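Data first, discussion second: the structure below is written as structure tokens.
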Amino acid sequence: MALPANNTQWPPTAWATPLADMRRWEAWWTGDTQKLAKAYADNTETGFEDVIGTRANGKLVRRWFHGRKTNTHAPASSRHDLHVPIASDLCATSADLLYSQPPTIQTGHETTDQRISEYLANGLADTLLEGAETGAALGGRYMRVTWDPTISAMPFLTTVDADHAIPVFRWGRLVAVTFWTTLETDSTTVWRHFEHHELDANGRGIVSHALYSGTATSVGVARPLTEHPATVGLANSVDDHQQATEGITPGLLVAYIPNITPQRRWRHIPQARMLGRSDLDGQEPLMDALDEVYTSWMRDIRLGKARILADANMLEQTSDGQRVFNLDREVFTPLEGLAGTMRDTVPVQAQQFAIRVAEHQQTAVDLIHRIIRGARYSTSTFGDVQDSDITATEVKAREKTTMTTRDRKIRIETTALQQLVSKMLTVDQTVFNTPGLQPGGVKVTFPDMEDASPSDLANTAATMRSAQLLSLQTGVEMIHPDWDTTQVADEVQRLLDAQPLANPDQWQPGKVTDDGENEEEDTTNK
Numbered sequence: 000m001a002l003p004a005n006n007t008q009w010p011p012t013a014w015a016t017p018l019a020d021m022r023r024w025e026a027w028w029t030g031d032t033q034k035l036a037k038a039y040a041d042n043t044e045t046g047f048e049d050v051i052g053t054r055a056n057g058k059l060v061r062r063w064f065h066g067r068k069t070n071t072h073a074p075a076s077s078r079h080d081l082h083v084p085i086a087s088d089l090c091a092t093s094a095d096l097l098y099s100q101p102p103t104i105q106t107g108h109e110t111t112d113q114r115i116s117e118y119l120a121n122g123l124a125d126t127l128l129e130g131a132e133t134g135a136a137l138g139g140r141y142m143r144v145t146w147d148p149t150i151s152a153m154p155f156l157t158t159v160d161a162d163h164a165i166p167v168f169r170w171g172r173l174v175a176v177t178f179w180t181t182l183e184t185d186s187t188t189v190w191r192h193f194e195h196h197e198l199d200a201n202g203r204g205i206v207s208h209a210l211y212s213g214t215a216t217s218v219g220v221a222r223p224l225t226e227h228p229a230t231v232g233l234a235n236s237v238d239d240h241q242q243a244t245e246g247i248t249p250g251l252l253v254a255y256i257p258n259i260t261p262q263r264r265w266r267h268i269p270q271a272r273m274l275g276r277s278d279l280d281g282q283e284p285l286m287d288a289l290d291e292v293y294t295s296w297m298r299d300i301r302l303g304k305a306r307i308l309a310d311a312n313m314l315e316q317t318s319d320g321q322r323v324f325n326l327d328r329e330v331f332t333p334l335e336g337l338a339g340t341m342r343d344t345v346p347v348q349a350q351q352f353a354i355r356v357a358e359h360q361q362t363a364v365d366l367i368h369r370i371i372r373g374a375r376y377s378t379s380t381f382g383d384v385q386d387s388d389i390t391a392t393e394v395k396a397r398e399k400t401t402m403t404t405r406d407r408k409i410r411i412e413t414t415a416l417q418q419l420v421s422k423m424l425t426v427d428q429t430v431f432n433t434p435g436l437q438p439g440g441v442k443v444t445f446p447d448m449e450d451a452s453p454s455d456l457a458n459t460a461a462t463m464r465s466a467q468l469l470s471l472q473t474g475v476e477m478i479h480p481d482w483d484t485t486q487v488a489d490e491v492q493r494l495l496d497a498q499p500l501a502n503p504d505q506w507q508p509g510k511v512t513d514d515g516e517n518e519e520e521d522t523t524n525k
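FYI, in numbering that gives the first Met the number 0 the residues of the sequence shown are 0 to 525.
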């Protein structure tokens with residue numbers, strides 16, 4: 000789709016389901032119990048969803064803990080609802096598995112590799128880490144090549160969240176996308192900035208900008224970019240057709256990076272089926288149950304406070320003769336009428352309810368394990384295994400599911416990152432006139448999830464060297480995977496200098512001097 004026409008409904012009706020799902024995942028990810036209550040209360044007036052569960056109003060429905068309502072049909076207070084941030088743990092862990100150690104990005108061209116190193120120093124790795132967490136929550140994210148000479152002398156990446164984008168895919172490939180940003184909202188007017196990316200007839204990426212003044216459900220009418228402070232700076236960078244005049248190079252300036260595929264939930268929605276799957280997709284009922292368990296546990300603790308039941312005459316009176324108490328004091332009056340007075344019993348009775356620790360804990364642990372497995376991770380990734388004296392091989396065995404999921408995500412990230420870095424180099428040449436760059440041939444390598452210990456690496460290298468299955472240079476690269484080609488070459492030369500017999504073909508006997516002693520001949524440059 001191009002920029003929206005005046006008075007177009009927004010967001011588009013066709014995207015109502017995916018955007019609603021993303022709002023719920025965002026609520027779980029951020030841990031906002033108010034958003035969770037609103038998201039699930041919107042299903043029906045009773046906080047139920049139309050799936051198999053409890054029967055109500057002639058329908059089969061399922062009750063949600065978040066979004067339940069009181070008897071007065073008002074939203075239930077979340078003051079005492081406890082939220083377990085397992086959703087944020089899943090998303091943060093997903094990002095850490097990919098980018099806690101930045102990948103190696105190289106082209107084999109010295110000048111180009113040096114420029115890529117400057118990109119990394121300028122925050123590229125941090126942006127990728129941040130974007131990966133957002134993508135894990137929302138099912139994917141858009142990474143955009145951006146430039147602004149007033150703040151950076153080189154292009155950089157920015158992240159656009161999936162719930163603020165309407166993409167167009169062709170044969171599973173992104174060919175256009177419209178981003179929108181809500182700039183300002185008051186009681187009647189909503190100002191939105193739209194940014195549309197597409198390919199021209201020559202396959203070059205072009206960007207259009209527009210400003211609209213509308214309502215919560217309509218884009219309204221287009222306004223000049225100069226009418227809002229947030230877009231006034233763009234006015235001088237576009238032509239009469241609202242298209243940016245700089246950075247027009249082959250390929251889109253944007254790449255969509257799905258979190259993981261396929262997208263099961265939206266596979267019957269033509270364009271949304273091309274999006275990625277959230278780590279939280281399908282985990283909502285379990286996460287809702289986990290919050291209910293912990294809230295019940297905390298309720299047991301509150302109700303389990305030691306209290307006493309006392310005769311009404313033992314309570315304090317206010318100046319107007321009222322008998323008062325609060326929920327945190329330890330003395331209460333027993334119910335009269337139903338329970339009778341306490342004249343036939345002792346005036347003070349102790350009362351303390353049991354706290355069901357084991358039952359709640361076992362239920363919570365089981366739910367947590369099911370959530371982790373449902374997101375395709377190993378429970379040991381989240382610290383459930385306390386053993387510290389284990390080898391790298393044992394770690395890999397325990398982390399097999401996590402490593403498989405990581406490998407799947409790495410294949411997706413690698414393709415997109417190669418495209419993005421290549422585009423950054425092209426924009427660097429075009430916009431910043433940086434000489435000597437070669438945008439092609441970008442290679443991205445992610446580090447292993449668990450590094451072997453130095454002794455394990457040394458033993459492996461020594462064994463392979465003794466069997467003549469490993470060159471000296473490859474051995475150095477194995478021991479020092481973070482070194483560049485210059486560091487590796489220097490170390491190889493130092494090792495050769497320290498071992499003159501490492502290559503017998505280069506050794507020659509020294510000359511015999513006049514006093515009969517042998518003089519070693521320098522063969523370094525022969």
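The C-beta atom is built at its ideal place from N, Cα and C for all residues, glycine as well. On a predicted model such as this, the values are computed, not experimentally measured, just so you know.
By the 16-neighbour rule on beta-carbons within 10 angstroms, V218 is buried. For I478, the uninterrupted alpha helix (DSSP H) segment begins and ends at 471 to 478. With contacts defined by Cβ atoms closer than 8 Å, T294 and R276 do not form a contacting pair.
For L198 and V231, the gap between their C-alpha atoms comes out near 25 Å. For P249, DSSP records a beta bridge to R203.
The beta carbons of S377 and E398 sit closer together than 8 Å. Burial check for T184: the Cβ neighbour count within 10 Å stays below 16, so the residue is exposed.
In chain order, L128 place their CB closer than 8 Å to the CB of D95, counting only its own chain and leaving out the 5 sequence neighbours on each side. Contact between the region 284 to 291 and the region 364 to 373 is present, with at least three C-beta pairs closer than 8 Å.
K304 sits in coil when the DSSP states are folded into three classes, being neither helix nor strand. Taken in chain order, the whole beta strand (DSSP E) runs of length 3 or more contained in the region 240 to 286 are 253 to 257. The three-state secondary structure of T177, taken from DSSP, is strand.
In this structure, the alpha-carbon of W28 lies about 28 Å from that of G171. If you draw a straight line from the Cα of A353 to the Cα of K304, it is about 9 Å long.
Taking a C-beta distance under 8 Å as the contact criterion, Q418 and H108 do not qualify as a contact pair. Cβ neighbours of G122 within its own chain (closer than 7 Å, five residues either side excluded): F155. In this model, Q472 and D489 are separated by some 10 Å (Cα to Cα). Counting along the chain, the unbroken beta strand (DSSP E) around T145 starts and ends at 139 to 145. Residue range 103 to 105 is occupied by the beta strand (DSSP E) that includes Q105. The beta carbons of D290 and D80 sit about 7 Å from each other, so the pair counts as a contact at 8 Å.
Around the C-beta of E412, 16 or more other C-beta atoms lie within 10 Å, and the residue is accordingly described as buried. Non-local C-beta neighbours of A271 in its own chain, meaning closer than 6 Å and more than five positions away in sequence, comprise P17, W265, ordered along the chain. Listed in chain order, the non-local C-beta contacts of V292 below 7 Å within the same chain comprise H359, T362, A363, L366, local neighbours out to five positions each way being set aside.
A direct Cα-Cα distance of roughly 28 Å separates I115 from G138.
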